[in-house]
Every structure is written in structure tokens, then in C-alpha cells.
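Below: one structure, written as C-alpha cells.
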Amino acid sequence: MEHTRINRLLKTDEFGQEVIVKGWVRTFRNNQFIAINDGSSINNIQAVIDFANTPAEVMKKIHTGAAVRVKGTLIESQGKGQRVEIKASEVHIIGEADPDRYPLQPKKHSLEFLREIAHLRFRTGTFNAIFKVRNALSFAIHKFFNEREFVYIHTPIVTGSDAEGAGEMFRVTTLDLNNVPRTDTGEVDFKQDFFGKSTNLTVSGQLNGELAALAFGNIYTFGPTFRAENSNTTRHLAEFWMIEPEMAFYELEDNMDLAEDLLKNVLQYVLDHCPEELEFLKNRLLEEEKSKPQKDRSEHNLIDKIKFVVDNKFERVSYTDAVDILKRSKPNQKKQFKYPIESWGADLQSEHERYLVEKHYKKPVILTDYPRDIKAFYMKQNPTDENGNQTVRAMDILFPGIGEMVGGSQREENLEKLITRMEEVGIPQKEMDWFLDTRRFGSVPHSGFGVGFERLVLFATGMSNIRDVIPFPRTPNNAEF
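Numbering (the working numbering), first residue to last: 1295 to 1775.
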């Protein structure tokens, strides 16, 4: 007889049937009540065992964390907290868990402690809910692009180029670090390395994505990216996932339309398909916020915050107008911003982005036309404005509680302008000649953007630390599991 997944039993009304469940013990009370979870639901099913007729060697092995097989009759529960339960006729121990060593005991554990045992935290209700939401978002992203006939492209993880020009990259090498070969001038001789040149882990699939977009029209990538930033914060990871669509014949307005449509669509999918998980996470967040001062609590609960994004048309504002708003704002005038806004050209921080979304517009915001000097080399340049300001056709989408969720732009399709900009920022033309071919042969207006997947999961789950929305976080001095 096959076992039945617990999520199905929790929804059925077919009482009296004989069932088998397999899962892990969450709690065992009064030598009678076993709460079992198999990962299919954040909720457990209760099995009621007959103490007198269960072998003693089985009873003494029923501990939190043990894997069990329970056979019995599904009945309507008479107790509080559950609708159905199993009247057990057989209990079999599949895998034992020593209660003196198993770290997940039936009590509340801090998120910090659970990060230390990330290999086991999946077994908690909180992380069951988080990763079910992550799974739903991942599926919804593929579904969204597939329905719009985008081609899914796998771009390289090992690369010889730096898409952002940031230089904060992880080097990939097979050289003997105890005996590094060097050239006559004393530099590392990468010609003797595996790839015959200096290579790194990718910071973005964008440049390769552009190559595909200028053949297929519309493509997207969805894969891991890496940043060697020594940022030990609640918002940074060294390894994270990015969604990066690239579209030929798209200008900035088309780019913004697609990004807004994507975010609303995938968040609606989570609302539709993860109601139990969102309700659990909403209540977890409400409980957590009880300890905070009123001024630091969220204005909306988790579900309302998601609906806030889905139901509102995103406000589109130029960087220049946003700077004017921020300069005149009370927090800026009262010097409450950590980074005061004093003049045009400032690189906006999370506190500024959140002010625009949460206080000024009270809806998601798309900022456009940023100063050229604070953006990447590949962004399309606008004509110099009447004040002599040089901007690019960039766009960032800002979310409540998060700040930047999406960064994108129309790409510079003009070969001469692109080469000039590369020279200005010190990117060797010779190394990027393959990329420049897209501007030499059939160049067209094209656009794209990137969505940090973990930031999207962070928003949809209400978690406050990005390390809690990826299975095994990679951060400075931490590459465990």
C-alpha cells in the first residue's frame, strides 16, 4: 500500500479509509499523540497511538526528528487544532533521532541559530513556508516567460569579462597557489592556467544574453551570479540568483512595461498558490513586530503588502525629479537621512528609495534616466539636457521595505558611442570585440533588466535577512554546507 502525502489527507473528507503516512516526528505528547510532517505542508497530521499495544522498543524510539511510517484509519478529530487525525494501528521507525543530539527540539529557535544548522532548518514550519514560496516564484517566472515565447538561455558561470565593470569578482583558477607561475615582468602567467587566460565567476549573464536576444528576439536567463563584495549585511550575498531578460526592438518604455508585468504576475501567482504559507508568514511577521516600537512596524501586513504591489500602477519618475523631491523632504532637511541628498548626481541609497515608495508616492516607483557616471557602460546615452546633465536610459524599480528590486536599461546600440564609453571606464576593446559584433552586424534598439531573485523572495516572505531566503547562504567568511 502506497503512502499518502499529508497535505492531501489534511484536505480530505473521506473518513474511515485506511492510510499510510511517512514523515518526521515534530512532537510526541503523553505517549499517545505523534505530530508528523512530511514536508508537503506547513501543517502536521496527528497520529494517535495505542500505548498498551505498541511495542516498547518502538515507543522508546519515537522522538522529535525520527522518521516514521504510520498505518491507521483516517478519522475526524475530536481535539482542537486539527480537523483530521489518524488512529494508528502500526508504527514503524524508519530512522532514529537521538534526542540528546538532535538540535531541533519542539521550542522556538532563533533565526540566527537556525542559520548555524541550515542543513536542518528546512524541517521547521518557517522554512517550509519560505522555500515553498521560493519554489512558487521560481515556477511562476518560467511560466511567465514561456507564455510570452521567450527563449530560456543558459549563460556561462565561468567568464573572462566583467559585465558591470565593478572588478569585485571571484577568480577561477587551477594554478598551484603555492607555486604560482609568473611572466618575465612578475605578473601571474594565466597562459598556464586551465583556460589560458584570467577567468572569474560571472556577475551577470547580461552580455551573453544580449548576443542571444539579437538572434531570437526575446530571451531570459535565470541562474546563479557572484559578487566578491565584502558586505556582511542583511541585504548582501556573495552567491545569488538573477532573472535577466533581454529583448530586441524594445525601448525603455517597453522595458518598464515588461518588468512591471512580470513582478505583478509572479506575485499574484504566489497569492493564488501559497495561501497557507503566506498566512503563516504573515502571522510570524506580526508576532515578530510586536517587540518593535510602533514607528518601526510595517504599515501593511505581509499579504496586504504584496497586494499593494499587485494592485497599484507603478509610478514612473525621472531621477532628476526624484532628487528634487528628496532634497525638499523633511528627513533630508532635518538631516535624518544617513546619506543627505545635496545635489544632482548623488547615488541614491536604500533609505532614499524607500522614502519615495513608502512616504511620498505610497506605491511602487520606477526611477528613470540616471546620471551617466553612476551607471554601467552599456546603457544608452540620452542627449545632454538643458542643464548640461548627462543621463542614460536606465530604470530601477523600487519596492516597499526593500528599495531596489529591478535594475535595467535600454542598451547602447551605437557602436561608436559604446566604444567611447568603454574607453572612458577602462574596458579593453580587444577583450570585448565579440560583444561589439552585435553593434557591427544588424544592430537594433534593445533593452533588458535584472531581478535579484532573493530580494523578490525576501519581499514575498516578509523576512528581514536575505540569508534566510536562500538554502545555503554564501557570505564573507561563510561557505558552510
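Even glycine gets a Cβ: it sits at the ideal position worked out from N, Cα and C. From a predicted model like this one, the values you see are computed outputs, not experimental measurements.
Worksheet item: If you count every other CB in all the chains shown that lies within 10 Å of the CB of residue 1728, and 16 or more means buried, which is it?
Response: exposed
Practice prompt. Report yes or no: do three or more beta-carbon pairs, one from the region 1333 to 1344 and one from the region 1379 to 1389, lie closer than 8 Å?
Written response: The region 1333 to 1344 makes contact with the region 1379 to 1389; the number of CB pairs closer than 8 Å reaches 3 or more.
Discussion item. Starting from residue 1495, trace the beta strand (DSSP E) in both directions and tell me its first and last residue.
Written reply: 1493 to 1495
Worksheet item: Between the region 1556 to 1564 and the region 1397 to 1404, do at least 3 Cβ pairs fall closer than 8 Å?
Response: no
Worksheet item: Between residue 1309 and residue 1371, what straight-line distance do the alpha-carbon atoms span, to the nearest angstrom?
Response: 10 Å
Discussion item. Using the Cβ count rule (16 or more neighbours within 10 Å means buried), how would you classify residue 1704?
Written reply: buried
Worksheet item: Could you give the distance in angstroms between the alpha-carbon of residue 1427 and the alpha-carbon of residue 1335?
Response: 12 Å
Practice prompt. Name, in chain order, the residues that DSSP records as bridge partners for residue 1690.
Written response: 1661 and 1701
Worksheet item: Given residue 1550, which residues of its chain have a CB within under 7 Å of its CB, disregarding the five upstream and five downstream residues?
Response: 1610, 1660 and 1689
Practice prompt. Run through the region 1712 to 1775 for me and flag every whole alpha helix (DSSP H) of 4 or more residues, listed as ranges in chain order.
Written response: 1727 to 1734 and 1747 to 1755
Worksheet item: What are the start and end residues of the alpha helix (DSSP H) that includes residue 1560?
Response: 1546 to 1567
Practice prompt. Over the uninterrupted beta strand (DSSP E) stretch that includes residue 1513, give me the two end residues.
Written response: Counting along the chain, the unbroken beta strand (DSSP E) around residue 1513 starts and ends at 1512 to 1520.
Fill in: 6 Å CB neighbourhood of residue 1320 in its chain, flanking five on each side removed
If we look at residue 1320 and ignore the five residues flanking it on each side, its Cβ neighbours are 1329, 1331 and 1338.
Discussion item. Rounded to the nearest angstrom, what separates residue 1770 and residue 1758 at their Cα positions?
Written reply: 18 Å
Worksheet entry | Within 8 Å, strictly: CB atoms of residue 1444 and residue 1514 | Contact flag set, yes.
Worksheet item: If residue 1540 and residue 1509 are in contact, beta carbons under 8 Å, what's the gap, nearest whole angstrom?
Response: Their Cβ separation, rounded to whole angstroms, is 11 Å, which puts residue 1540 and residue 1509 out of contact at 8 Å.
Worksheet item: Quick one: what's got a C-beta closer than 7 Å to residue 1455's C-beta in the same chain, skipping five residues either side?
Response: 1501, 1725 and 1726
Practice prompt. Just grab the DSSP bridge partners of residue 1539 for me.
Written response: 1514
Item to complete: Give the DSSP-derived three-state secondary structure of residue 1414 in the structure shown.
Response: coil
Item to complete: Could you pull the start and end residues of the beta strand (DSSP E) that residue 1366 belongs to?
Response: For residue 1366, the enclosing beta strand (DSSP E) has its first and last residue at 1361 to 1370.
Worksheet entry | Whole-number beta carbon distance between residue 1565 and residue 1600, since they are thought to touch under 8 Å | 6 Å
Discussion item. Quick check on residue 1681: buried or exposed, where buried means 16 or more other Cβ atoms within 10 Å of its Cβ?
Written reply: Taking a 10 Å sphere around the C-beta of residue 1681, we find fewer than 16 other C-beta atoms and assign the residue as exposed.
Practice prompt. Quick one: give me the first and last residue of the beta strand (DSSP E) that residue 1386 is part of.
Written response: 1378 to 1389
Item to complete: Identify the continuous beta strand (DSSP E) that holds residue 1321 and give its terminal residues.
Response: 1312 to 1323
Worksheet entry | Touch test, the region 1648 to 1660 against the region 1610 to 1627, Cβ-Cβ under 8 Å, three pairs minimum | yes
Discussion item. Comparing C-alpha positions only, which one of 1591, 1671, 1667 and 1494 sits nearest to residue 1714?
Written reply: 1671
Worksheet item: Helix, strand or coil: which one does DSSP assign to residue 1329?
Response: strand
Fill in: Cβ shell of residue 1554 (< 6 Å), same chain only, five flanking positions each side left out
So the list reads 1608, once near-sequence residues are dropped.
Worksheet item: Who are the Cβ neighbours of residue 1775 in its own chain at under 7 Å, not counting the five residues just before and after it?
Response: 1412, 1413 and 1766
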